[in-house]
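Using my numbering, the final residue of the sequence shown is 1173, and nothing's skipped along the way.
What follows is a short report on a single structure.
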Amino acid sequence: MLSYTFAPQATYRLLQLSDCHLLADKNGEYQQIQPYQHLKQLLLRYPAANFDAVILTGDLTQDHSLASYQHLAELLHNWQQHKATPVFYLPGNHDDPAMMAQAFAKAPFYHHSWLDLQGWTLGLLNTKGPTPAGEFDALRRSALVLQLNQLSTPVWLFCHHQVAPVGSFIDTLGLQQPELFWQLLAQYPQVKGLAHGHCHFAYERLDTVPQATGRQLQIVGCPATSVQFKQTADWQTEDLGPQACVWTFCAGDTPAVSWEFIGL
(Lines of atoms letter the chains of each structure in order from A and count residues from 1; the text may use other names and numbers.)
(Lines give C-alpha, C1' and ligand atoms only; values in the text may rest on other atoms or scores of the structure.)
Protein backbone atom coordinates (compact mmCIF):
# COMPACT_ATOMS: atom_id res chain seq x y z
CA MET A 1 0.00 0.00 0.00
CA LEU A 2 1.09 3.56 -0.67
CA SER A 3 2.73 5.15 2.36
CA TYR A 4 3.48 8.86 2.80
CA THR A 5 6.40 9.66 5.11
CA PHE A 6 6.48 12.98 6.92
CA ALA A 7 9.70 14.76 7.84
CA PRO A 8 10.73 14.15 11.48
CA GLN A 9 9.38 16.60 14.04
CA ALA A 10 8.19 16.51 17.64
CA THR A 11 4.48 16.96 16.96
CA TYR A 12 2.10 16.86 14.02
CA ARG A 13 -1.18 18.75 13.76
CA LEU A 14 -3.81 17.40 11.40
CA LEU A 15 -7.21 18.77 10.40
CA GLN A 16 -9.98 16.21 9.89
CA LEU A 17 -12.85 17.40 7.68
CA SER A 18 -15.88 15.19 7.17
CA ASP A 19 -19.33 15.08 5.63
CA CYS A 20 -19.06 18.27 3.58
CA HIS A 21 -21.98 17.30 1.27
CA LEU A 22 -20.93 19.77 -1.41
CA LEU A 23 -22.99 20.50 -4.52
CA ALA A 24 -22.26 21.50 -8.11
CA ASP A 25 -23.80 24.88 -7.25
CA LYS A 26 -21.59 26.68 -4.73
CA ASN A 27 -24.67 28.45 -3.40
CA GLY A 28 -26.86 25.34 -3.44
CA GLU A 29 -28.56 24.15 -0.26
CA TYR A 30 -28.41 20.90 1.69
CA GLN A 31 -30.71 20.67 4.72
CA GLN A 32 -31.34 24.44 4.66
CA ILE A 33 -27.65 25.40 4.71
CA GLN A 34 -25.10 26.18 2.00
CA PRO A 35 -22.43 23.49 2.49
CA TYR A 36 -19.79 25.15 0.31
CA GLN A 37 -20.09 28.42 2.21
CA HIS A 38 -19.98 26.56 5.54
CA LEU A 39 -16.71 24.87 4.60
CA LYS A 40 -15.23 28.08 3.22
CA GLN A 41 -15.98 29.92 6.47
CA LEU A 42 -14.33 27.17 8.52
CA LEU A 43 -11.16 27.23 6.42
CA LEU A 44 -10.97 31.01 6.69
CA ARG A 45 -11.04 30.69 10.49
CA TYR A 46 -8.30 28.03 10.60
CA PRO A 47 -5.39 28.81 8.23
CA ALA A 48 -3.47 26.03 6.50
CA ALA A 49 -0.26 27.21 8.18
CA ASN A 50 -1.58 25.71 11.44
CA PHE A 51 -1.60 22.15 10.09
CA ASP A 52 0.81 19.53 8.78
CA ALA A 53 -1.89 17.64 6.87
CA VAL A 54 -5.61 17.39 6.17
CA ILE A 55 -7.62 14.16 6.24
CA LEU A 56 -11.00 14.08 4.48
CA THR A 57 -13.16 11.29 5.89
CA GLY A 58 -15.86 10.99 3.29
CA ASP A 59 -19.27 12.17 2.10
CA LEU A 60 -17.56 15.07 0.41
CA THR A 61 -20.36 15.38 -2.15
CA GLN A 62 -24.14 15.40 -1.86
CA ASP A 63 -25.18 15.43 -5.52
CA HIS A 64 -22.48 13.02 -6.77
CA SER A 65 -21.17 15.60 -9.24
CA LEU A 66 -17.63 16.05 -10.49
CA ALA A 67 -18.09 19.79 -10.03
CA SER A 68 -18.64 19.37 -6.29
CA TYR A 69 -15.24 17.66 -5.96
CA GLN A 70 -13.63 20.28 -8.17
CA HIS A 71 -14.99 23.01 -5.90
CA LEU A 72 -13.40 21.26 -2.93
CA ALA A 73 -10.08 20.89 -4.74
CA GLU A 74 -10.10 24.58 -5.65
CA LEU A 75 -11.05 25.62 -2.13
CA LEU A 76 -8.26 23.62 -0.49
CA HIS A 77 -5.73 24.73 -3.09
CA ASN A 78 -6.53 28.40 -2.52
CA TRP A 79 -6.51 27.85 1.25
CA GLN A 80 -2.81 26.96 1.08
CA GLN A 81 -1.37 30.36 0.23
CA HIS A 82 1.70 30.21 2.45
CA LYS A 83 2.26 26.53 3.22
CA ALA A 84 1.97 23.34 1.18
CA THR A 85 -0.23 21.14 3.36
CA PRO A 86 -0.86 17.63 1.97
CA VAL A 87 -4.47 16.49 1.77
CA PHE A 88 -5.42 12.82 2.09
CA TYR A 89 -8.87 11.37 1.61
CA LEU A 90 -11.10 8.31 1.80
CA PRO A 91 -14.60 7.74 0.42
CA GLY A 92 -17.93 7.82 2.21
CA ASN A 93 -21.18 6.26 1.05
CA HIS A 94 -22.05 9.36 -1.02
CA ASP A 95 -18.70 9.44 -2.79
CA ASP A 96 -17.57 8.24 -6.21
CA PRO A 97 -13.93 7.07 -5.97
CA ALA A 98 -13.36 7.53 -9.72
CA MET A 99 -14.54 11.14 -9.58
CA MET A 100 -12.44 11.74 -6.49
CA ALA A 101 -9.33 10.44 -8.26
CA GLN A 102 -10.08 12.69 -11.23
CA ALA A 103 -10.68 15.84 -9.22
CA PHE A 104 -7.86 15.16 -6.74
CA ALA A 105 -5.22 14.18 -9.31
CA LYS A 106 -2.58 16.73 -8.29
CA ALA A 107 -1.12 18.42 -5.23
CA PRO A 108 -2.10 19.22 -2.56
CA PHE A 109 -3.98 15.90 -2.82
CA TYR A 110 -2.28 12.55 -2.30
CA HIS A 111 -3.65 9.04 -2.74
CA HIS A 112 -1.68 7.43 0.10
CA SER A 113 -3.67 5.32 2.54
CA TRP A 114 -0.91 5.03 5.18
CA LEU A 115 0.85 7.99 6.79
CA ASP A 116 4.16 7.64 8.65
CA LEU A 117 4.47 10.34 11.31
CA GLN A 118 7.84 9.13 12.67
CA GLY A 119 6.39 7.53 15.79
CA TRP A 120 2.76 7.08 14.77
CA THR A 121 1.26 5.36 11.74
CA LEU A 122 -2.14 6.50 10.48
CA GLY A 123 -4.27 4.19 8.35
CA LEU A 124 -7.03 5.45 6.05
CA LEU A 125 -9.62 2.71 5.50
CA ASN A 126 -12.18 2.44 2.73
CA THR A 127 -15.55 1.36 4.17
CA LYS A 128 -17.68 2.28 1.15
CA GLY A 129 -20.06 -0.48 0.08
CA PRO A 130 -22.86 -0.96 -2.44
CA THR A 131 -25.42 0.53 -0.02
CA PRO A 132 -25.26 3.57 2.31
CA ALA A 133 -24.11 1.21 5.08
CA GLY A 134 -20.41 0.48 5.54
CA GLU A 135 -18.54 -2.54 4.24
CA PHE A 136 -15.12 -3.89 5.15
CA ASP A 137 -15.00 -7.20 3.33
CA ALA A 138 -12.52 -10.08 3.43
CA LEU A 139 -10.25 -8.49 0.82
CA ARG A 140 -10.01 -5.24 2.77
CA ARG A 141 -9.48 -7.10 6.04
CA SER A 142 -6.66 -9.12 4.49
CA ALA A 143 -4.98 -5.95 3.24
CA LEU A 144 -5.26 -4.39 6.71
CA VAL A 145 -3.78 -7.50 8.34
CA LEU A 146 -0.87 -7.45 5.89
CA GLN A 147 -0.12 -3.84 6.76
CA LEU A 148 -0.52 -4.22 10.53
CA ASN A 149 1.82 -7.21 10.52
CA GLN A 150 4.57 -4.88 9.31
CA LEU A 151 4.03 -2.19 11.94
CA SER A 152 5.44 -1.87 15.44
CA THR A 153 4.55 1.80 15.95
CA PRO A 154 1.26 2.86 17.52
CA VAL A 155 -1.50 2.98 14.91
CA TRP A 156 -4.53 5.24 14.58
CA LEU A 157 -7.20 4.38 12.01
CA PHE A 158 -9.53 6.69 10.10
CA CYS A 159 -12.63 5.63 8.17
CA HIS A 160 -16.05 6.96 7.21
CA HIS A 161 -18.58 4.64 8.86
CA GLN A 162 -18.87 4.09 12.59
CA VAL A 163 -17.81 0.62 13.77
CA ALA A 164 -20.15 0.54 16.79
CA PRO A 165 -23.57 2.06 17.59
CA VAL A 166 -23.61 5.79 18.35
CA GLY A 167 -27.21 6.09 19.58
CA SER A 168 -29.00 7.62 16.61
CA PHE A 169 -30.86 6.65 13.44
CA ILE A 170 -27.49 6.41 11.63
CA ASP A 171 -26.81 3.14 13.48
CA THR A 172 -28.80 1.31 10.80
CA LEU A 173 -26.20 2.55 8.30
CA GLY A 174 -23.03 1.73 10.23
CA LEU A 175 -20.38 -0.82 9.36
CA GLN A 176 -21.97 -4.16 8.47
CA GLN A 177 -20.63 -7.29 10.22
CA PRO A 178 -18.67 -5.17 12.70
CA GLU A 179 -17.78 -8.25 14.74
CA LEU A 180 -15.36 -9.34 12.00
CA PHE A 181 -13.62 -5.96 12.14
CA TRP A 182 -13.36 -6.09 15.93
CA GLN A 183 -12.01 -9.65 15.81
CA LEU A 184 -9.25 -8.38 13.56
CA LEU A 185 -8.40 -5.45 15.84
CA ALA A 186 -8.22 -7.77 18.84
CA GLN A 187 -5.07 -9.29 17.35
CA TYR A 188 -3.22 -5.97 17.08
CA PRO A 189 -2.67 -4.09 20.35
CA GLN A 190 -0.68 -1.42 18.50
CA VAL A 191 -3.99 -0.07 17.17
CA LYS A 192 -4.81 2.60 19.75
CA GLY A 193 -7.85 4.31 18.28
CA LEU A 194 -10.19 4.97 15.39
CA ALA A 195 -11.80 8.16 14.09
CA HIS A 196 -14.74 8.28 11.70
CA GLY A 197 -17.30 10.56 10.10
CA HIS A 198 -20.84 9.64 8.93
CA CYS A 199 -22.53 10.34 12.30
CA HIS A 200 -22.57 14.15 11.87
CA PHE A 201 -21.90 14.93 15.53
CA ALA A 202 -18.90 15.09 17.82
CA TYR A 203 -18.32 12.40 20.41
CA GLU A 204 -15.53 10.44 22.06
CA ARG A 205 -15.56 7.25 24.09
CA LEU A 206 -13.56 4.17 25.03
CA ASP A 207 -14.91 0.87 23.69
CA THR A 208 -13.90 -2.52 25.04
CA VAL A 209 -12.22 -4.67 22.41
CA PRO A 210 -13.91 -8.11 22.31
CA GLN A 211 -11.59 -11.08 22.84
CA ALA A 212 -8.83 -8.79 24.15
CA THR A 213 -8.99 -8.88 27.94
CA GLY A 214 -8.85 -5.45 29.53
CA ARG A 215 -8.07 -3.65 26.30
CA GLN A 216 -10.00 -0.59 25.17
CA LEU A 217 -10.02 1.30 21.89
CA GLN A 218 -10.50 5.06 21.74
CA ILE A 219 -13.30 5.96 19.32
CA VAL A 220 -13.78 9.54 18.08
CA GLY A 221 -16.65 10.72 15.90
CA CYS A 222 -15.87 13.78 13.80
CA PRO A 223 -18.63 16.37 13.39
CA ALA A 224 -19.64 17.57 9.93
CA THR A 225 -18.64 20.72 8.11
CA SER A 226 -22.27 20.83 6.88
CA VAL A 227 -25.11 20.08 9.31
CA GLN A 228 -25.12 17.96 12.46
CA PHE A 229 -27.46 15.02 13.06
CA LYS A 230 -29.47 14.86 16.27
CA GLN A 231 -29.14 11.70 18.36
CA THR A 232 -32.72 10.63 17.72
CA ALA A 233 -34.40 7.52 16.35
CA ASP A 234 -35.55 9.44 13.27
CA TRP A 235 -33.48 11.63 10.97
CA GLN A 236 -33.29 15.17 12.32
CA THR A 237 -30.66 17.76 11.48
CA GLU A 238 -29.55 21.02 13.06
CA ASP A 239 -27.33 23.83 11.87
CA LEU A 240 -24.64 24.41 14.48
CA GLY A 241 -22.25 25.91 11.97
CA PRO A 242 -19.34 24.09 10.31
CA GLN A 243 -17.37 21.84 12.63
CA ALA A 244 -14.29 19.64 12.38
CA CYS A 245 -11.64 17.89 14.47
CA VAL A 246 -8.01 18.87 15.04
CA TRP A 247 -5.52 16.13 15.88
CA THR A 248 -2.14 16.41 17.57
CA PHE A 249 0.16 13.41 17.35
CA CYS A 250 3.32 13.54 19.47
CA ALA A 251 6.25 11.43 18.33
CA GLY A 252 9.29 10.36 20.34
CA ASP A 253 9.83 7.71 22.99
CA THR A 254 6.37 8.18 24.51
CA PRO A 255 3.93 8.70 21.62
CA ALA A 256 0.73 10.51 22.56
CA VAL A 257 -2.37 11.76 20.79
CA SER A 258 -5.00 14.39 21.54
CA TRP A 259 -7.91 15.89 19.65
CA GLU A 260 -10.15 18.93 19.77
CA PHE A 261 -13.52 19.57 18.15
CA ILE A 262 -13.62 22.98 16.48
CA GLY A 263 -16.17 25.30 14.89
CA LEU A 264 -16.80 28.97 14.28
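For glycine and all other residues, C-beta sits at the position ideal for the given N, C-alpha and C.
- His1021 has its alpha-carbon roughly 18 Å from the corresponding atom of Leu969.
- Shortest Cα-Cα distance from Pro1119 to any of Pro1098, Pro1006, Leu924 and Ser1077 involves Pro1098.
- From the listed residues Gln943, Asn1002, Asp934 and Gln979, the smallest Cα separation to Glu1044 is found for Asn1002.
- If you draw a straight line from the Cα of Ala1165 to the Cα of Ala919, it is about 11 Å long.
- By the C-beta density criterion, Asp1148 is exposed, having fewer than 16 other C-beta atoms within 10 angstroms.
- Remark: fewer than three beta-carbon pairs, one from each stretch, lie closer than 8 Å, so the region 1166–1173 and the region 962–976 are not flagged as touching.
- Distance from the CA of Glu983 to the CA of Pro917, rounded to the nearest whole angstrom, comes to 29 Å.
- Of the candidates Leu1055, His980 and Ala957, the residue whose Cα lies closest to the Cα of Lys992 is Ala957.
- Check the Cα spacing between Ala1111 and each of Asp928, Phe915 and Arg922: the tightest is with Asp928.
- One alpha carbon belongs to Asp972, the other to Gly1123, and they sit about 44 Å apart.
- Annotation: Ala1012 to His986 spans about 12 Å, alpha carbon to alpha carbon.
- Ser1167 is classed as exposed because its beta carbon has fewer than 16 other beta carbons within 10 Å across all chains shown.
- In the three-state reduction of the DSSP assignment, His980 falls in the helix class.
- Remark: fewer than three beta-carbon pairs, one from each stretch, lie closer than 8 Å, so the region 1046–1058 and the region 1068–1075 are not flagged as touching.
- For Glu1113, the uninterrupted beta strand (DSSP E) run begins and ends at Tyr1112 to Thr1117, by DSSP.
- Three or more beta-carbon pairs separated by less than 8 Å link the region 1143–1162 to the region 944–951, which places the two stretches in contact.
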